[in-house]
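The structure appears below as C-alpha coordinates.
In the UniProt record's numbering, the protein residues as written are 1 to 324.
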(Lines of atoms letter the chains of each structure in order from A and count residues from 1; the text may use other names and numbers.)
(Lines give C-alpha, C1' and ligand atoms only; values in the text may rest on other atoms or scores of the structure.)
Protein backbone atom coordinates (compact mmCIF):
# COMPACT_ATOMS: atom_id res chain seq x y z
CA UNK A 1 0.00 0.00 0.00
CA UNK A 2 1.25 3.50 -0.82
CA UNK A 3 2.58 5.74 1.96
CA UNK A 4 0.50 8.65 0.64
CA UNK A 5 -2.21 10.02 2.89
CA UNK A 6 -5.84 9.98 1.65
CA UNK A 7 -5.65 13.74 1.08
CA UNK A 8 -2.51 13.38 -1.03
CA UNK A 9 -4.00 10.49 -2.98
CA UNK A 10 -7.16 12.49 -3.70
CA UNK A 11 -5.10 15.52 -4.77
CA UNK A 12 -3.05 13.52 -7.25
CA UNK A 13 -6.14 11.77 -8.63
CA UNK A 14 -7.84 15.12 -9.32
CA UNK A 15 -4.60 16.50 -10.74
CA UNK A 16 -4.19 13.54 -13.13
CA UNK A 17 -7.85 13.61 -14.18
CA UNK A 18 -7.74 17.32 -15.00
CA UNK A 19 -4.38 16.89 -16.73
CA UNK A 20 -5.72 14.10 -18.91
CA UNK A 21 -8.80 16.11 -19.83
CA UNK A 22 -6.78 19.19 -20.73
CA UNK A 23 -4.20 17.12 -22.64
CA UNK A 24 -6.98 15.43 -24.62
CA UNK A 25 -8.51 18.82 -25.40
CA UNK A 26 -5.15 20.16 -26.51
CA UNK A 27 -4.56 17.11 -28.71
CA UNK A 28 -7.96 17.44 -30.33
CA UNK A 29 -7.33 21.10 -31.11
CA UNK A 30 -3.87 20.28 -32.45
CA UNK A 31 -4.99 17.63 -34.94
CA UNK A 32 -8.32 19.19 -35.87
CA UNK A 33 -8.72 21.75 -38.66
CA UNK A 34 -10.18 24.24 -36.19
CA UNK A 35 -8.25 27.49 -35.86
CA UNK A 36 -8.69 30.60 -33.79
CA UNK A 37 -8.02 34.05 -35.21
CA UNK A 38 -6.87 37.11 -33.40
CA UNK A 39 -9.15 38.80 -32.74
CA UNK A 40 -11.65 35.92 -32.46
CA UNK A 41 -14.21 35.79 -35.24
CA UNK A 42 -17.87 35.35 -34.46
CA UNK A 43 -17.90 32.09 -36.45
CA UNK A 44 -15.22 30.66 -34.11
CA UNK A 45 -17.16 31.34 -30.90
CA UNK A 46 -19.47 28.29 -31.29
CA UNK A 47 -16.42 26.04 -31.87
CA UNK A 48 -14.74 27.31 -28.68
CA UNK A 49 -17.98 27.00 -26.73
CA UNK A 50 -18.55 23.42 -27.85
CA UNK A 51 -14.95 22.49 -27.07
CA UNK A 52 -15.13 24.02 -23.58
CA UNK A 53 -18.43 22.27 -22.91
CA UNK A 54 -16.99 18.89 -23.93
CA UNK A 55 -13.93 19.41 -21.71
CA UNK A 56 -16.08 20.39 -18.72
CA UNK A 57 -18.46 17.47 -19.30
CA UNK A 58 -15.62 14.95 -19.53
CA UNK A 59 -14.00 16.43 -16.42
CA UNK A 60 -17.28 16.33 -14.46
CA UNK A 61 -17.97 12.71 -15.48
CA UNK A 62 -14.52 11.52 -14.48
CA UNK A 63 -14.60 13.40 -11.17
CA UNK A 64 -18.08 12.15 -10.32
CA UNK A 65 -17.06 8.55 -11.00
CA UNK A 66 -13.88 8.95 -8.99
CA UNK A 67 -15.53 10.59 -5.96
CA UNK A 68 -18.68 8.42 -5.88
CA UNK A 69 -17.33 6.32 -2.94
CA UNK A 70 -17.22 9.48 -0.82
CA UNK A 71 -21.00 9.89 -1.17
CA UNK A 72 -21.51 6.28 -0.12
CA UNK A 73 -19.15 6.80 2.80
CA UNK A 74 -21.04 9.91 3.96
CA UNK A 75 -24.36 8.03 3.73
CA UNK A 76 -22.95 5.19 5.84
CA UNK A 77 -21.68 7.70 8.43
CA UNK A 78 -25.19 9.14 8.76
CA UNK A 79 -26.95 5.81 9.30
CA UNK A 80 -24.34 3.86 11.27
CA UNK A 81 -25.52 2.61 14.66
CA UNK A 82 -23.22 0.63 16.93
CA UNK A 83 -26.22 -1.33 18.22
CA UNK A 84 -26.82 -2.68 14.69
CA UNK A 85 -23.58 -4.32 13.73
CA UNK A 86 -22.24 -5.46 10.38
CA UNK A 87 -22.97 -2.31 8.36
CA UNK A 88 -19.79 -1.84 6.33
CA UNK A 89 -18.78 -0.16 3.09
CA UNK A 90 -17.63 -2.41 0.27
CA UNK A 91 -14.37 -1.65 -1.51
CA UNK A 92 -15.25 -0.10 -4.88
CA UNK A 93 -11.84 -0.82 -6.41
CA UNK A 94 -10.88 2.85 -6.36
CA UNK A 95 -7.25 2.43 -5.33
CA UNK A 96 -6.87 5.97 -4.02
CA UNK A 97 -9.90 5.64 -1.69
CA UNK A 98 -9.33 2.01 -0.68
CA UNK A 99 -7.18 3.10 2.25
CA UNK A 100 -9.89 5.50 3.46
CA UNK A 101 -12.60 2.81 3.17
CA UNK A 102 -10.51 0.20 4.98
CA UNK A 103 -9.64 2.69 7.72
CA UNK A 104 -13.31 3.59 8.23
CA UNK A 105 -14.38 -0.07 8.37
CA UNK A 106 -11.58 -0.82 10.83
CA UNK A 107 -12.74 2.11 12.97
CA UNK A 108 -16.27 0.66 13.06
CA UNK A 109 -14.87 -2.75 14.02
CA UNK A 110 -12.90 -1.19 16.86
CA UNK A 111 -15.83 0.93 18.08
CA UNK A 112 -18.20 -2.04 18.04
CA UNK A 113 -15.69 -4.18 19.95
CA UNK A 114 -15.17 -1.43 22.53
CA UNK A 115 -18.93 -0.87 22.83
CA UNK A 116 -19.51 -4.58 23.31
CA UNK A 117 -16.80 -4.82 25.97
CA UNK A 118 -18.05 -1.78 27.87
CA UNK A 119 -21.64 -3.04 27.66
CA UNK A 120 -20.55 -6.41 28.98
CA UNK A 121 -18.88 -4.79 31.99
CA UNK A 122 -21.88 -2.53 32.62
CA UNK A 123 -24.41 -5.35 32.36
CA UNK A 124 -22.28 -7.61 34.56
CA UNK A 125 -22.17 -4.86 37.17
CA UNK A 126 -25.92 -4.40 36.80
CA UNK A 127 -26.58 -8.11 37.33
CA UNK A 128 -24.30 -8.10 40.36
CA UNK A 129 -26.15 -5.14 41.85
CA UNK A 130 -29.49 -6.81 41.16
CA UNK A 131 -28.37 -9.94 42.96
CA UNK A 132 -27.15 -7.90 45.93
CA UNK A 133 -30.45 -6.00 46.19
CA UNK A 134 -32.43 -9.23 45.80
CA UNK A 135 -30.42 -10.84 48.60
CA UNK A 136 -30.99 -7.89 50.89
CA UNK A 137 -34.71 -7.86 50.12
CA UNK A 138 -34.98 -11.57 50.83
CA UNK A 139 -32.61 -11.89 53.78
CA UNK A 140 -33.18 -8.60 55.57
CA UNK A 141 -36.51 -7.00 54.65
CA UNK A 142 -38.19 -10.35 54.05
CA UNK A 143 -37.06 -11.73 57.40
CA UNK A 144 -38.04 -8.51 59.19
CA UNK A 145 -41.53 -8.69 57.73
CA UNK A 146 -41.74 -12.34 58.70
CA UNK A 147 -40.86 -11.44 62.30
CA UNK A 148 -43.54 -8.72 62.25
CA UNK A 149 -46.05 -11.22 60.87
CA UNK A 150 -45.30 -13.72 63.63
CA UNK A 151 -45.56 -10.98 66.25
CA UNK A 152 -48.95 -9.96 64.90
CA UNK A 153 -50.09 -13.58 65.04
CA UNK A 154 -49.17 -13.79 68.73
CA UNK A 155 -50.87 -10.43 69.35
CA UNK A 156 -54.05 -11.67 67.66
CA UNK A 157 -54.09 -14.75 69.85
CA UNK A 158 -53.91 -12.66 73.03
CA UNK A 159 -55.95 -9.62 71.89
CA UNK A 160 -59.54 -9.00 73.00
CA UNK A 161 -62.28 -9.69 70.51
CA UNK A 162 -62.88 -6.04 69.61
CA UNK A 163 -59.23 -5.55 68.48
CA UNK A 164 -58.86 -8.74 66.48
CA UNK A 165 -60.39 -7.42 63.20
CA UNK A 166 -57.89 -4.55 63.11
CA UNK A 167 -54.99 -6.84 63.90
CA UNK A 168 -56.15 -9.29 61.21
CA UNK A 169 -56.20 -6.39 58.71
CA UNK A 170 -52.66 -5.40 59.71
CA UNK A 171 -51.65 -9.04 59.40
CA UNK A 172 -52.96 -9.24 55.82
CA UNK A 173 -51.23 -5.98 54.89
CA UNK A 174 -47.88 -7.27 56.15
CA UNK A 175 -48.43 -10.60 54.39
CA UNK A 176 -49.21 -8.80 51.11
CA UNK A 177 -46.08 -6.65 51.54
CA UNK A 178 -44.01 -9.78 52.13
CA UNK A 179 -45.36 -11.35 48.94
CA UNK A 180 -44.53 -8.18 46.98
CA UNK A 181 -40.99 -8.14 48.36
CA UNK A 182 -40.53 -11.77 47.31
CA UNK A 183 -41.87 -11.03 43.82
CA UNK A 184 -39.49 -8.09 43.41
CA UNK A 185 -36.59 -10.25 44.61
CA UNK A 186 -37.51 -12.95 42.06
CA UNK A 187 -37.62 -10.39 39.24
CA UNK A 188 -34.26 -8.97 40.25
CA UNK A 189 -32.56 -12.34 40.57
CA UNK A 190 -34.05 -15.21 38.53
CA UNK A 191 -33.20 -17.97 40.95
CA UNK A 192 -35.46 -20.36 39.06
CA UNK A 193 -33.20 -19.94 36.02
CA UNK A 194 -30.15 -21.07 38.00
CA UNK A 195 -31.94 -23.80 39.92
CA UNK A 196 -34.40 -25.33 37.44
CA UNK A 197 -33.23 -24.22 34.00
CA UNK A 198 -34.48 -22.09 31.12
CA UNK A 199 -37.69 -24.01 30.42
CA UNK A 200 -38.98 -23.66 33.99
CA UNK A 201 -37.80 -20.03 34.15
CA UNK A 202 -39.84 -19.11 31.07
CA UNK A 203 -42.89 -20.88 32.46
CA UNK A 204 -42.54 -19.10 35.79
CA UNK A 205 -42.00 -15.74 34.08
CA UNK A 206 -45.13 -16.17 31.96
CA UNK A 207 -47.24 -17.26 34.92
CA UNK A 208 -46.08 -14.38 37.10
CA UNK A 209 -46.73 -11.90 34.29
CA UNK A 210 -50.27 -13.19 33.74
CA UNK A 211 -51.02 -13.13 37.44
CA UNK A 212 -49.79 -9.55 37.94
CA UNK A 213 -51.01 -7.95 34.68
CA UNK A 214 -54.12 -10.00 33.95
CA UNK A 215 -52.95 -10.49 30.33
CA UNK A 216 -53.27 -13.98 28.90
CA UNK A 217 -50.00 -15.58 27.75
CA UNK A 218 -49.88 -18.40 25.21
CA UNK A 219 -46.56 -20.17 25.76
CA UNK A 220 -44.68 -22.53 23.45
CA UNK A 221 -41.24 -23.69 24.59
CA UNK A 222 -39.49 -26.60 22.88
CA UNK A 223 -38.71 -29.39 25.29
CA UNK A 224 -35.49 -30.33 23.45
CA UNK A 225 -33.73 -26.97 23.34
CA UNK A 226 -29.97 -27.22 22.73
CA UNK A 227 -27.70 -26.54 25.68
CA UNK A 228 -27.03 -22.81 25.81
CA UNK A 229 -24.42 -21.10 27.91
CA UNK A 230 -25.27 -19.29 31.13
CA UNK A 231 -24.81 -15.91 29.45
CA UNK A 232 -27.15 -16.79 26.56
CA UNK A 233 -29.82 -18.11 28.93
CA UNK A 234 -29.64 -14.97 31.05
CA UNK A 235 -29.94 -12.76 27.94
CA UNK A 236 -32.96 -14.76 26.78
CA UNK A 237 -34.61 -14.42 30.17
CA UNK A 238 -33.91 -10.68 30.52
CA UNK A 239 -35.12 -9.85 27.01
CA UNK A 240 -38.30 -11.86 27.56
CA UNK A 241 -38.77 -10.12 30.91
CA UNK A 242 -38.25 -6.63 29.43
CA UNK A 243 -40.56 -7.42 26.49
CA UNK A 244 -43.37 -8.52 28.80
CA UNK A 245 -42.81 -5.45 30.98
CA UNK A 246 -43.16 -3.22 27.91
CA UNK A 247 -46.38 -5.02 26.98
CA UNK A 248 -47.84 -4.40 30.44
CA UNK A 249 -46.81 -0.74 30.45
CA UNK A 250 -47.39 0.46 26.90
CA UNK A 251 -49.16 -2.01 24.63
CA UNK A 252 -52.74 -2.07 26.04
CA UNK A 253 -52.84 -5.72 24.95
CA UNK A 254 -55.12 -8.53 26.03
CA UNK A 255 -53.06 -11.45 24.73
CA UNK A 256 -49.37 -12.29 24.37
CA UNK A 257 -47.74 -15.14 22.47
CA UNK A 258 -44.35 -16.33 23.75
CA UNK A 259 -42.39 -18.99 21.92
CA UNK A 260 -38.88 -20.34 22.31
CA UNK A 261 -38.02 -22.74 19.51
CA UNK A 262 -34.94 -24.48 18.17
CA UNK A 263 -34.21 -24.42 14.44
CA UNK A 264 -31.37 -26.29 12.70
CA UNK A 265 -29.16 -23.20 12.83
CA UNK A 266 -30.44 -21.11 15.71
CA UNK A 267 -32.60 -20.72 18.80
CA UNK A 268 -35.40 -18.16 18.37
CA UNK A 269 -37.31 -16.27 21.04
CA UNK A 270 -40.50 -14.62 19.77
CA UNK A 271 -42.88 -12.46 21.80
CA UNK A 272 -45.92 -10.93 20.10
CA UNK A 273 -48.86 -9.04 21.55
CA UNK A 274 -52.16 -7.82 20.12
CA UNK A 275 -51.84 -4.27 21.45
CA UNK A 276 -51.68 -0.93 19.72
CA UNK A 277 -48.28 -1.57 18.17
CA UNK A 278 -46.44 1.50 19.40
CA UNK A 279 -42.71 0.77 19.37
CA UNK A 280 -40.30 3.21 21.03
CA UNK A 281 -37.07 2.38 19.20
CA UNK A 282 -35.02 4.83 21.28
CA UNK A 283 -36.32 3.81 24.69
CA UNK A 284 -33.83 2.85 27.38
CA UNK A 285 -35.40 -0.59 27.75
CA UNK A 286 -35.11 -1.42 24.06
CA UNK A 287 -31.55 -0.12 23.87
CA UNK A 288 -30.72 -2.34 26.83
CA UNK A 289 -32.22 -5.30 25.00
CA UNK A 290 -30.10 -4.56 21.93
CA UNK A 291 -26.96 -4.30 24.07
CA UNK A 292 -27.71 -7.65 25.70
CA UNK A 293 -28.25 -9.25 22.29
CA UNK A 294 -24.87 -7.99 21.09
CA UNK A 295 -23.15 -9.68 24.03
CA UNK A 296 -23.99 -13.12 22.62
CA UNK A 297 -23.82 -12.10 18.92
CA UNK A 298 -27.58 -12.54 18.54
CA UNK A 299 -29.90 -10.63 16.20
CA UNK A 300 -32.77 -8.67 17.76
CA UNK A 301 -35.63 -7.25 15.69
CA UNK A 302 -38.60 -5.27 16.97
CA UNK A 303 -41.44 -4.27 14.67
CA UNK A 304 -45.19 -3.88 14.39
CA UNK A 305 -46.55 -6.41 11.86
CA UNK A 306 -49.76 -5.81 9.89
CA UNK A 307 -52.83 -6.10 12.06
CA UNK A 308 -51.38 -4.28 15.04
CA UNK A 309 -49.37 -5.40 17.99
CA UNK A 310 -45.61 -5.60 18.44
CA UNK A 311 -43.28 -8.51 17.79
CA UNK A 312 -39.90 -8.97 19.46
CA UNK A 313 -37.67 -11.61 17.88
CA UNK A 314 -34.29 -12.72 19.18
CA UNK A 315 -32.28 -15.16 17.07
CA UNK A 316 -29.26 -16.80 18.69
CA UNK A 317 -27.02 -18.61 16.19
CA UNK A 318 -25.73 -22.06 17.09
CA UNK A 319 -22.19 -20.67 16.85
CA UNK A 320 -22.65 -18.92 20.22
CA UNK A 321 -20.24 -20.36 22.76
CA UNK A 322 -21.94 -22.72 25.17
CA UNK A 323 -20.23 -22.66 28.53
CA UNK A 324 -21.33 -23.22 32.11
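Beta carbons are placed, not taken as given, at the ideal position from N, Cα and C, and that holds for glycine.
CB-CB length for residue i against residue j, believed under 8 Å
i, j, result
"residue 256", "residue 302", "Not really, about 15 Å apart at Cβ, beyond 8 Å."
"residue 182", "residue 130", "Rounded, the Cβ-Cβ distance is 15 Å, inconsistent with contact."
"residue 248", "residue 213", "4 Å"
"residue 311", "residue 272", "4 Å"
"residue 171", "residue 153", "7 Å"
"residue 206", "residue 219", "5 Å"
"residue 147", "residue 108", "At roughly 57 Å, the Cβ-Cβ gap does not stay under 8 Å, so residue 147 and residue 108 are not in contact."
Sub-9 Å separation of residue i and residue j beta-carbons
i, j, result
"residue 118", "residue 295", "no"
"residue 186", "residue 149", "no"
"residue 309", "residue 253", "yes"
"residue 244", "residue 258", "yes"
"residue 239", "residue 202", "no"
"residue 193", "residue 268", "no"
"residue 104", "residue 76", "yes"
"residue 168", "residue 184", "no"
"residue 142", "residue 178", "yes"
"residue 304", "residue 285", "no"
"residue 232", "residue 316", "yes"
"residue 55", "residue 106", "no"
Top-ranked residue by Cα proximity to residue i, from the options
i, options, result
"residue 72", "98, 60, 55, 14", "98"
"residue 122", "75, 265, 291", "291"
"residue 59", "13, 305, 76", "13"
"residue 266", "225, 286, 318, 224", "318"
"residue 113", "172, 297, 42, 139", "297"
"residue 22", "57, 39, 46", "57"
"residue 221", "141, 262, 17, 74", "262"
"residue 111", "273, 50, 125, 88", "88"
"residue 134", "164, 158, 90, 191", "191"
"residue 145", "101, 15, 180, 161", "180"
"residue 101", "116, 74, 78, 124", "74"
Buried versus exposed call for residue i [16 or more other C-beta atoms within 10 Å across all chains shown]
i, result
"residue 275", "buried"
"residue 52", "exposed"
"residue 69", "buried"
"residue 1", "Below a pLDDT of 50, predicted positions are generally treated as unreliable, and residue 1, at 45, falls in that range; no measurement from the model is reported."
"residue 260", "buried"
"residue 64", "exposed"
"residue 209", "buried"
"residue 293", "buried"
"residue 217", "buried"
"residue 20", "exposed"
"residue 137", "buried"
"residue 42", "exposed"
"residue 300", "buried"
"residue 234", "buried"
"residue 228", "buried"
For this session: Identify every run of the beta strand (DSSP E) within the region 227–314, keeping only runs that are complete inside it and at least 3 residues long; order them along the chain.
Result: 255–262, 266–273, 299–303
Problem set entry | beta strand (DSSP E) runs contained entirely in the region 94–153, provided each spans 3 or more residues | none
Exercise. Along the chain, which unbroken stretches of the alpha helix (DSSP H) at least 4 residues long are found entirely within the region 183–214?
Worked result: 191–196, 198–213
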